[in-house]
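Trainee: Protein chains in written order, with this note's numbering: chain A, 1 to 91; chain B, 1 to 343.
We treat Cβ as the ideally placed atom computed from N, Cα and C, and that holds for glycine.
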Amino acid sequence: MNRFNRVTLKRGLAKRVIDGKMYLVDSETSTLHQLNESGTIIVKKLEKGMGIERIINQIVEDYEVERKRAEKDVLFFIKGLKDKGLIIEDG
Amino acid sequence: MDECIAQKLEKISSQKRIPLSVDVELTYCCNLNCKHCYLQGRKVSGELATAELFRLFDELREMGTLYLTFTGGEPLLRPDFYNLADYAKESAFALVIFTNGTLITESEAFRIAECSPLAVHISLLGAEPETHDSITGVRGSFRKVIRAVKFLKRAGVRVVLKTALMKQNYTEYEGIVSICEQLEAEWQFDMVVSPTHWGGVRPLQYRLNQEQWKALLKDKRFFSPEKFSPTRPEALLCSAGLNLVAVTPLGEVYPCLAWPCSLGNVREKSFKDIWEDSPYLTHLRKTEISNVKECPSCPLLSYCPRCPGMAFLEEGDFRSPSRTNCQFAEAIGDSLQQARQYK
Chain A
1 MNRFNRVTLK
11 RGLAKRVIDG
21 KMYLVDSETS
31 TLHQLNESGT
41 IIVKKLEKGM
51 GIERIINQIV
61 EDYEVERKRA
71 EKDVLFFIKG
81 LKDKGLIIED
91 G
Chain B
1 MDECIAQKLE
11 KISSQKRIPL
21 SVDVELTYCC
31 NLNCKHCYLQ
41 GRKVSGELAT
51 AELFRLFDEL
61 REMGTLYLTF
71 TGGEPLLRPD
81 FYNLADYAKE
91 SAFALVIFTN
101 GTLITESEAF
111 RIAECSPLAV
121 HISLLGAEPE
131 THDSITGVRG
141 SFRKVIRAVK
151 FLKRAGVRVV
161 LKTALMKQNY
171 TEYEGIVSIC
181 EQLEAEWQFD
191 MVVSPTHWGG
201 VRPLQYRLNQ
211 EQWKALLKDK
221 RFFSPEKFSP
231 TRPEALLCSA
241 GLNLVAVTPL
251 GEVYPCLAWP
261 CSLGNVREKS
271 FKDIWEDSPY
281 LTHLRKTEIS
291 NVKECPSCPL
301 LSYCPRCPGM
311 AFLEEGDFRS
321 PSRTNCQFAE
331 AIGDSLQQAR
341 QYK
């Protein structure tokens with residue numbers, strides 16, 4: 001996984017943000033997932049169709065974090081989503 | 001489901017008064033005529049139109065509802081069923097469908113799969129075709145249920161077969177479990193038949209008696225003394241009205257499908273206004289365990305599966321004891337004592 005990978009959220013996921021945290025239900029596996037606040041921000045950007053590189057740039061801009069740190073955190077989080085089968089790599 | 005996350009979500013949604021799970025009866029129409037149906041005597045005209053339901057779903061999405069159940073009647077009888085199911089999917093609800101299964105052909109099963117439901121629950125009322133069909137009042141309905149489950153499984157849909165155990169079918173429960181295992185479907189039994197929503201007692205003639213409950217509770221599939229954990233006083237009240245609610249085909253909002261007390265109608269007020277301002281809900285949410293009559297000091301408390309809705313139906317007050325639940329608690333208590341004696 002690198003910042004140039006194209007990823008999209010799996011289709012058909014049920015999701016809601018409750019108390020700042022996103023809850024996702026994957027009907028294929030009947031699994032309920034909970035994201036923390038940072039994960040929720042990243043997934044909301046994925047929902048808007050943003051690519052990984054753009055998400056990293058926005059996080060650096062909005063939260064004044066070091067680029068290196070933001071890149072590491074975003075990629076780590078997206079890899080976690082991939083391992084759980086919640087995102088699809090487009091290529 | 002991840003238990004821990006589910007519990008956290010349950011807790012936070014109750015505290016924040018988010019209607020996390022909403023059961024929507026799409027129609028009272030049904031192509032079966034089940035003897036034990038709690039909707040006997042229903043009015044089937046003036047049901048919510050597609051646009052009204054879309055508006056309701058929009059509100060629910062805004063308010064944080066995650067789980068949406070389509071039930072009936074038979075929801076697949078609605079000509080706009082797939083419009084509603086597609087809309088629910090687009091609105092990112094986790095959709096559950098309760099159906100009698102008789103209308104699910106192979107193409108319907110694949111169409112249902114496109115709606116990505118979390119599960120489809122189908123009623124199976126006997127292990128023998130004659131038993132099931134005699135309860136539904138329609139010959140051939142058993143065969144159609146089995147066919148529906150096979151089609152849905154082939155389409156990759158999770159299926160739960162639900163059985164209301166009653167006098168006519170309780171001796172067939174082992175056969176029902178075998179059918180579920182063969183079809184790779186999950187099973188769920190309900191041992192208590194309810195009166196109708198309008199106070200009709202006709203279904204109660206089919207309800208199991210205490211001896212029959214006791215006989216079933218000897219089977220570990222229904223009751224495991226090793227896994228038994230005593231009912232905590234907090235459980236005397238439930239999630240209904242806290243994070244769970246139901247809407248009828250006519251737009252009435254109930255605390256839950258088993259608690260038919262109208263809190264308001266979505267045709268007269270927004271769902272949000274009903275949820276936030278209903279005097280009955282305010283009263284319910286302020287109710288503490290100490291306000292529940294008799295139950296907190298009852299010697300059967302540890303065994304009680306108390307349902308405030310059943311208390312409402314029987315006594316007109318959700319704080320009263322439900323005599324049905326009392327009898328069931330006694331049956332559980334007896335089973336537990338017997339299991340301990342034989343240990």
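(1) Scan the segment 101 to 122 of chain B for residues whose Cβ lies nearer than 7 Å to a Cβ of chain A and list them as they occur along the chain.
(2) Could you tell me which chain A residues have their CB closer than 7 Å to the CB of B:R158, listed as they occur along the chain?
(3) Find the nearest neighbour of A:G12 within the set B:A113, B:L217, B:V145, judged by alpha-carbon distance.
(4) Under DSSP, the beta strand (DSSP E) around A:I88 begins and ends at which residues?
(5) For A:K15 and chain B, any beta-carbon pair shorter than 8 Å?
(6) Can you tell me whether B:R139 is buried or exposed, with buried defined as 16 or more other CB within 10 angstroms of its CB?
(7) When we look at the beta-carbon of B:V44 and count the other beta-carbons within 10 Å, is it buried (16 or more) or exposed?
(8) Could you tell me whether the segment 265 to 278 of chain B touches the segment 290 to 299 of chain B, where touching means 3 or more Cβ pairs closer than 8 Å?
(9) List the endpoints of the continuous beta strand (DSSP E) containing B:T136.
(10) If I'm right that B:V247 touches B:E59 with Cβ under 8 Å, what's the distance once you round it to whole angstroms?
(11) Round the Cβ separation of B:N31 and B:L77 to the nearest angstrom and send it over; I've been treating them as touching at under 8 Å.
(12) Cα separation between B:H197 and B:C37?
(13) Hey, A:V25 and B:L66 are a contact pair by Cβ (cut 8 Å); roughly how many whole angstroms apart?
(14) With a Cβ-Cβ cutoff of 8 Å, do B:P225 and B:S302 count as a contact?
(15) Check the Cβ-Cβ distances between B:I97 and every residue of chain A, and say whether any is below 8 Å.
(16) Just checking: is the beta-carbon of B:K64 within a distance shorter than 8 Å of some beta-carbon in chain A?
(17) Can you check whether the C-beta of B:K16 is within less than 8 Å of a C-beta belonging to chain A?
(18) Is the distance from the Cβ of B:W259 to the Cβ of B:P305 below 8 Å?
(19) To the nearest angstrom, report how far apart B:C29 and B:T131 are at their CA atoms.
(20) Taking DSSP as the reference, what is the three-state secondary structure of A:H33?
(21) Can you tell me whether A:M1 is helix, strand or coil according to DSSP?
(22) Taking B:F57 and B:S91 to be in contact with their CB atoms under 8 Å, please state how far apart those CB atoms are, rounded to whole angstroms.
(23) Kindly indicate if chain B contains any beta-carbon less than 8 Å away from that of A:D19.
(24) What is the residue span of the alpha helix (DSSP H) that B:T50 lies within?
(25) What does the Cβ neighbour count give for B:P79, buried or exposed, with the cut at 16 atoms within 10 Å?
(26) Can you give me the Cβ contacts of B:F93 inside the same chain, cut-off strictly under 6 Å, excluding the 5 residues immediately before and after it?
(27) I'd like the list of long-range same chain contacts for B:E184, defined as Cβ closer than 7 Å, with 5 residues on each side in sequence excluded.
(28) DSSP three-state label for A:L13, please.
(29) Scan the segment 186 to 227 of chain B and note each continuous beta strand (DSSP E) run of 3 residues or more that stays entirely inside, going in chain order.
(30) Classify A:G49: buried if its beta carbon has 16 or more other beta carbons within 10 angstroms, exposed otherwise.
(31) By the criterion of Cβ-Cβ separation under 8 Å, what are the contact partners of B:F93 in chain A?
(32) Per DSSP, what kind of secondary structure is B:V120 in: helix, strand or coil?
(33) Please state whether the Cβ-Cβ distance between A:M22 and A:K82 is less than 8 Å.
(34) Taking B:A329 as the query, report the chain A residues whose CB atoms sit under 8 Å from its CB, ordered along the chain.
(35) Is there a Cβ of chain A sitting closer than 8 Å to that of B:K89, yes or no?
(36) Less than 8 Å between the beta carbons of B:A119 and B:R143, yes or no?
Mentor: The answer reads as follows:
(1) Cβ contacts with chain A come from S116, P117, L118.
(2) Contact note: B:R158 reaches chain A through S30, using a C-beta cutoff of 7 Å and chain order.
(3) When only C-alpha atoms are compared, the closest one is B:A113.
(4) Where A:I88 is concerned, the enclosing beta strand (DSSP E) stretches over 87 to 89.
(5) yes
(6) exposed
(7) exposed
(8) The segment 265 to 278 of chain B is not in contact with the segment 290 to 299 of chain B.
(9) B:T136 -> not in any beta strand (DSSP E); alpha helix (DSSP H) instead, spanning 129 to 136.
(10) That pair is no contact at about 11 Å.
(11) Their Cβ separation, rounded to whole angstroms, is 7 Å, which keeps B:N31 and B:L77 in contact under 8 Å.
(12) Take the alpha-carbon of B:H197 and the one of B:C37: they are about 10 Å apart.
(13) 7 Å
(14) no
(15) no
(16) Residue 64 of chain B is actually Gly in this sequence, not Lys. Taking Cβ atoms only, chain A reaches closer than 8 Å to B:G64, which makes this a yes.
(17) yes
(18) no
(19) 23 Å
(20) strand
(21) coil
(22) 6 Å
(23) Yes, its Cβ sits closer than 8 Å to a Cβ of chain B.
(24) 50 to 63
(25) Under the 10 Å beta carbon count, B:P79 is surrounded by fewer than 16 other beta carbons and is classified as exposed.
(26) L68
(27) K153
(28) coil
(29) Counting only runs of at least 3 residues, the segment 186 to 227 of chain B fully encloses the following beta strand (DSSP E) elements, listed from N- to C-terminal order: 186 to 190.
(30) Around the beta-carbon of A:G49, fewer than 16 other beta-carbon atoms lie within 10 Å, marking it exposed.
(31) A14
(32) strand
(33) no
(34) By Cβ distance, chain A contributes nothing, its closest Cβ being about 31 Å from B:A329, past 8 Å.
(35) yes
(36) no
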